[in-house]
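*Asks:* Protein chains in written order, with this note's numbering: chain D, 1 to 632; chain F, 1001 to 1632.
There are 2 protein chains.
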Amino acid sequence: MKKYAVNFLPSGVTVAVEEGTTILKAAERAGIYLNSVCGGEGTCGKCRVKIVFGETRQPPTELLSAEELAEGVRLACRSSVHSYLTVEVPKETADLETARGQAEACRRFRDHGESDFNGVGREFDPPVTILPLSLPPPTLEDNRDDLDRLARAVRRQTGIGEITVAPTLLPRIPLILREAGWEVSAAVDRGENRGEVIALRPIKNAPPAGGVAVDIGTTTVAVHLVDLASGKTLASAATYNSQIARGEDVIKRIISSEEEGVEPLAEAVRGDINNLIIKLSREAGIAAEDILAVTAAGNSTMIALFLGITPRQIRREPYVAPLAAPPTLRAAGAGLRVNENAVLDCVPGIAGWVGGDITAGILASGLNRSGELSLLIDIGTNGEIVVGNRDWMLACSCSAGPAFEGSGITSGTRAVAGAIERFSLGDGGDPLWETIGHEPPIGICGSGLLDAVAELFRAGILGRDGRFNPDHPTNRLAFEDGRGIFTVVGAGESGNRRPIVIAQADIDNLVRAKAAIYAGVSVLLKAVDLDPGRLERVFISGGFGRYLDIERARRIGLLPAVAPEKISFIGNGSLRGAKLFLLSRQARAEAARIAGSATYLELSANHNFMEEYGRAMFLPHTDVEKFDGNSN
Amino acid sequence: MKKYAVNFLPSGVTVAVEEGTTILKAAERAGIYLNSVCGGEGTCGKCRVKIVFGETRQPPTELLSAEELAEGVRLACRSSVHSYLTVEVPKETADLETARGQAEACRRFRDHGESDFNGVGREFDPPVTILPLSLPPPTLEDNRDDLDRLARAVRRQTGIGEITVAPTLLPRIPLILREAGWEVSAAVDRGENRGEVIALRPIKNAPPAGGVAVDIGTTTVAVHLVDLASGKTLASAATYNSQIARGEDVIKRIISSEEEGVEPLAEAVRGDINNLIIKLSREAGIAAEDILAVTAAGNSTMIALFLGITPRQIRREPYVAPLAAPPTLRAAGAGLRVNENAVLDCVPGIAGWVGGDITAGILASGLNRSGELSLLIDIGTNGEIVVGNRDWMLACSCSAGPAFEGSGITSGTRAVAGAIERFSLGDGGDPLWETIGHEPPIGICGSGLLDAVAELFRAGILGRDGRFNPDHPTNRLAFEDGRGIFTVVGAGESGNRRPIVIAQADIDNLVRAKAAIYAGVSVLLKAVDLDPGRLERVFISGGFGRYLDIERARRIGLLPAVAPEKISFIGNGSLRGAKLFLLSRQARAEAARIAGSATYLELSANHNFMEEYGRAMFLPHTDVEKFDGNSN
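#1: Nearest CA to the CA of L1369 (chain F): which residue from F:Q1586, F:E1019, F:G1042, F:L1140?
#2: Contact criterion: CB-CB distance below 7 Å. Does A1237 (chain F) meet it with respect to chain D?
#3: Would a check of beta-carbon distances place G1054 (chain F) closer than 7 Å to chain D?
#4: Got a sec: is the Cβ-Cβ distance from A1591 (chain F) to anything in chain D below 7 Å?
#5: Under the three-state reduction of DSSP, which class applies to H1082 (chain F): helix, strand or coil?
#6: Going by other Cβ atoms of all chains shown within 10 Å of its Cβ, with 16 needed for buried, is W353 (chain D) buried or exposed?
#7: Between the region 1426–1446 of chain F and the region 1387–1407 of chain F, do three or more beta carbon pairs fall short of 8 Å?
#8: Rounded to a whole number of angstroms, what is the C-alpha to C-alpha distance between D111 (chain D) and A1166 (chain F)?
#9: Would V120 (chain D) and G366 (chain D) qualify as a contact pair, given that the criterion is a beta-carbon distance under 7 Å?
#10: Answer with buried or exposed for V1306 (chain F), where buried requires no fewer than 16 other C-beta atoms within 10 angstroms of its C-beta.
#11: Any beta-carbon of chain D closer than 7 Å to the one on A1321 (chain F)?
#12: Ordered along the chain, which non-local residues of its own chain (more than five positions away) have a Cβ less than 6 Å from that of N1632 (chain F)?
#13: How would you list, in chain order, the residues of chain D whose beta-carbon sits under 7 Å from the beta-carbon of E1317 (chain F)?
#14: In chain order, what residues of the same chain have a beta carbon less than 7 Å from the beta carbon of P499 (chain D), not counting five sequence neighbours either side?
#15: I want to see whether chain D comes within less than 7 Å of N1341 (chain F), judged by CB atoms only; does it?
#16: Give the range of the alpha helix (DSSP H) segment to which G217 (chain D) is assigned.
#17: Could you pull the DSSP bridge partners for D249 (chain D) from this structure?
#18: Beta carbons nearer than 9 Å to chain F: which residues of the region 597–614 of chain D have them?
#19: What's the C-alpha gap between F1479 (chain F) and L1524 (chain F)?
#20: Strictly below 7 Å CB to CB, what residues from chain F border Q313 (chain D)?
#21: Are L1425 (chain F) and E1455 (chain F) close, meaning C-beta to C-beta below 7 Å?
#22: How many Å lie between G1217 (chain F) and N1299 (chain F) at the Cα?
#23: Within the same chain, show all residues whose beta-carbon is closer than 6 Å to that of A1503 (chain F), passing over the 5 residues directly before and after it, in chain order.
#24: Any idea which residues DSSP pairs V87 (chain D) with across the strands?
#25: Taking a contact to mean a Cβ-Cβ separation below 7 Å, would you say L1140 (chain F) touches A527 (chain D) in this structure?
#26: For the beta strand (DSSP E) containing Y613 (chain D), list its first residue and its last residue.
#27: Please report how far the alpha carbon of I653 (chain D) lies from the alpha carbon of V73 (chain D), in whole angstroms.
#28: Run through the region 1504–1553 of chain F for me and flag every whole beta strand (DSSP E) of 3 or more residues, listed as ranges in chain order.
#29: Are the C-beta atoms of V1335 (chain F) and some chain D residue less than 7 Å apart?
#30: Tell me which residues share the same chain as G1335 (chain F) and place their Cβ nearer than 6 Å to its Cβ, disregarding the 5 neighbours each side in the sequence.
#31: Just tell me which of F:W1182, F:I1309, F:H1224, F:S1083 has its CA closest to the CA of P171 (chain D).
#32: Residues of chain F with CB closer than 9 Å to the CB of L147 (chain D), please, in chain order.
#33: Would you mind telling me which residues of chain F sit closer than 9 Å to T301 (chain D), beta carbon to beta carbon, in chain order?
#34: On the three-state DSSP scale, how would you describe S65 (chain D)?
#35: Select from the region 344–362 of chain D all residues with a C-beta closer than 9 Å to any C-beta belonging to chain F, and list them in chain order.
#36: For the region 1583–1602 of chain F against the region 1381–1397 of chain F, do three or more pairs of beta-carbon atoms, one drawn from each stretch, fall closer than 8 Å, so that the two count as touching?
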């Protein structure tokens, strides 16, 4: 078959593909991420690219205007390669490391500014410990072998009975010990009753040892790089999970893994993590070789896919995860480009859908250490909810879809520069908005959309049923086939000459997302016969976290009726928990107890959930009383 | 550079090499073993091949006659490739799997006929245990994850607290469990307080699980394949250690590893083991994939090289081994072609030169379990000696050279078909000999040489100083430059038209070998102030073992003065011990105790050794009294 070169701009990366390959596939092979919510079905219109040179073929689509088509704009997933091509990837389609907007987007997920170790009450005591060792050189009277000499020194210093050495390190021990003059720095991974030496260096000029905590979200992947010796966070970054090209939510990802195998999904997210690690190690001046420990938190499906394990049973009754508590692995075995002996530990999950991200969130919130009756809501594409305190915990998981992360929305965009992140309606009914980076608007992101729905509802433009009100006098509202479209920004004002609108489908997506979260909370509280008013603390976790306007969230019925002063934002709880798991053995012991003792409520098999979900599909809810006035 | 194809007969293997490459190197690349004692220095004359077609270049050599040269016979190590070549490898040069002689040679090392488990008093209880498991299928009420379900079942059946799963097996668990209908056979590697599931199969039609015990000798590599479920030995084989091409003894191997790196030596012996495993797995009908455990015993240098670790410090004061007790490794990590999760355990050594082969020999002899004062002598290229009983043990190691294995000898050959293995002088002074397989004689192997020296000494053809007696009337003795040569078989009678002779240098080699062993024994006994007569048992170990004529060994001064009825042959103790290590956790615990408690006498730094060695360089010894008459 004929092959053609496809050159992607602005990165300049070229890849050769067979005639007829879609541009989306070509980009995937070139390692270029293109936004694609529908998984390549030609329905979301997110994978717009511009053909600068060459011939493509594609079926007709309503998602592109005649003007756009004339300008060479195409859907990458529906256009196939039929000549040498030069393809320009617009900012809103690409996930370019270099874009300023990316940095802004990431800020939400990476908890920047929290540089020193914050154990939330736990001591700094990383499982991978850096030990300075001074060994007695061998003599004729004491000619024990090198391995024994090293192991004894580690045993003496740690009190651990059984010390082993990473296999690939074994051949280098005789050389390192002598090169070092018997003064070495050893990195020891400490388990319960045993330890493994995973790195050994001459103590002189020993480089700093890095550790990496990863939050593998369905939509966003976030990473912290820390100094294992001090616990200081050296750098942080986030990017979008490239698996999105194979489906926006976990169910679609599972289906993709069944149809096309686990490998492409595993490779996608491993690539994302590796790219972030490369970026961070450059930023912090720590070689990838010197990163010795990685911890990861994610929901059951994300962790299974990351480890290359089929998640297929998770979506089938009785909803069994392949593994809730993965054993300690080598990070290199999971495709991560760090030290070959670096260990990889995943925060243990609870069961079924409820994965290690929620255990991590519990760690980060301190819910498991407190006597206060608390609720933890992790707002993400996959929503996770926990109620309880140090004595008991009940958890559940529900699929909210990616609307909160600005994905799957007509003019939706991730939180890049130019994304509308704040929205209100002025007294005259005109939209007032703020964009990230104060750039010309190119789309609307999750927090902007939530604001907009709350404001449109407040203004009566949206009814309680979540439908646009045709009787409202605003001239920004139009109807097509009976479905409303609200224009936020006209094509003339927009940064990409396309109007920014909120369509009925977008409202529906957001309402479904908030309804899923709210229904999860309701079912959970009912299961323990608890009125929301009795909650003493509510923790909100997720990248969305700090940017959430509580008043508006209450207005649309996302959050239950609790007094605002009881609500705390813990930011990206999954990432913070993964970092605790990296830096504190105490936190690790707590995680094991949480995973082992928390009860899990399976919503897939729960009839109350569907009932609650239906009631929460209204704004704010069928039971308006609950959301009026102050709650105690 | 120009490349030429070299075709080796009779195997027919062809390899392309650059012009100027030696035939020895070409054979190495083709995976064909050629005998080469001197390590390619052109001095041993063992690597004779015949050029059937094509052009080679070589410097003049005295090792080949004009006749041989005319017939196309060349030294493979000195002849370089300068055209397409067809090279015939004679039986005595090659180590062909197909040669009948090979099977004969191997018999000495492989302890055939010992099919059922023989624990020498220990129970059958292999560390890698095959467990049939019946798991409860998940339900909505019990939807624990697959890994947990499996681990609990293993915990229940073994009582081990911590159960992990081999990383590469993790992704397959969900599929295997369901394919098996929750009825599986698990292979669990049991450590002290934890176990690792290394293989998992549907119980229906689960293939037998194989285990392999390896003795890595300096000259010979021997392997047993056993059924892990029953302990039955299914097949056995041995071959020569291909490292011989890089030097005949451990010192030369260490030097080679320093000059050319460890890798070629590691690859050589790994290749030998793999070839044997392939052979055995075919013979026994067990797929390599189903071999789940490997144990290896060898001296410190052999184990280091096998594991790819530099042994350089072993030959330097204070004689430190890189590792005496290697941790449990993956066999695949050491280049073995077995199941990717098969574990590799090496029998722990004592210190310095005294490696796991002697620990294994102690296990096999039962010396460590007996109250009787015992001596264990492992006769090999590297000789190892132990004295003691269940309460104490003292061990040493000495380099004897490969003469006992028929290597490094003018007409020496390994114990292939046609090798003279028995020798005596008839009443008329004429040599009487027997060859292996009753084939026409092609050379003399170790046991034949020992017989010959004893007989020549008895007949007065050799003097007490180990030199040929020019006054002896035999017409078989000739002198060249004052050094005697005794003709055993004339060129006319020989199987390869070359005379079979015993030169002064061969006598010297054998005398040095026996002197080293005897001196080791003497120093060891003196160190504990023990007269040989007080020994209650003497175990003789080594491939040579059962073929040794005690009377003649006594006559030349190889063995100390002990009553013949106290002497037992344990065959290849290293291999038998490795097999115990494979099949009995009790034996493994004993090995750890032996390695940890035996005392080690370093002969490299021992002046008494050199003195004893000098005295033992006579036949039988300077102190003849010791060897006359019966001893108690």
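Virtual Cβ for every residue (Gly too), placed ideally from N, Cα, C.
*Replies:* Answer, in terms of the structure:
#1: Residue 1369 (chain F) is actually Arg in this sequence, not Leu. Nearest C-alpha to R1369 (chain F): F:Q1586.
#2: no
#3: no
#4: no
#5: coil
#6: buried
#7: yes
#8: Low confidence applies here, because D111 (chain D) scores a pLDDT of 47, under 50, leaving its location unreliable and the question unanswered by this model.
#9: yes
#10: Looking at the sequence itself, residue 1306 (chain F) is Phe, so the reference to Val does not match. By the 10 Å Cβ count, F1306 (chain F) comes out buried.
#11: yes
#12: Note that N1632 (chain F) has pLDDT 38, beneath the 50 cutoff, so the model's placement of it is unreliable and no number is given.
#13: L140
#14: T487, V489, G490, A491
#15: no
#16: Taken as a continuous stretch (DSSP letters only), G217 (chain D) belongs to no alpha helix (DSSP H), as it is neither H nor E.
#17: Answer is none; D249 (chain D) lacks a bridge partner.
#18: Y600, E602, A605
#19: 39 Å
#20: P1174
#21: yes
#22: 7 Å
#23: T1410, I1485
#24: D:F8, D:I51
#25: no
#26: Run containing Y613 (chain D): none in the beta strand (DSSP E); it sits in the alpha helix (DSSP H), 607–615.
#27: No answer is possible for residue 653 (chain D): it lies beyond the span of chain D, which begins at 1 and ends at 632.
#28: 1537–1541
#29: Correcting the residue type first, residue 1335 (chain F) is Gly in the shown sequence and not Val. So no, G1335 (chain F) is outside the interface.
#30: R1270
#31: F:I1309
#32: A1321, P1322, L1323, A1324, A1325, P1326, P1327
#33: Under the 9 Å cutoff, chain F gives no residues; its nearest Cβ is about 12 Å from T301 (chain D).
#34: coil
#35: G349, A351, G352
#36: yes
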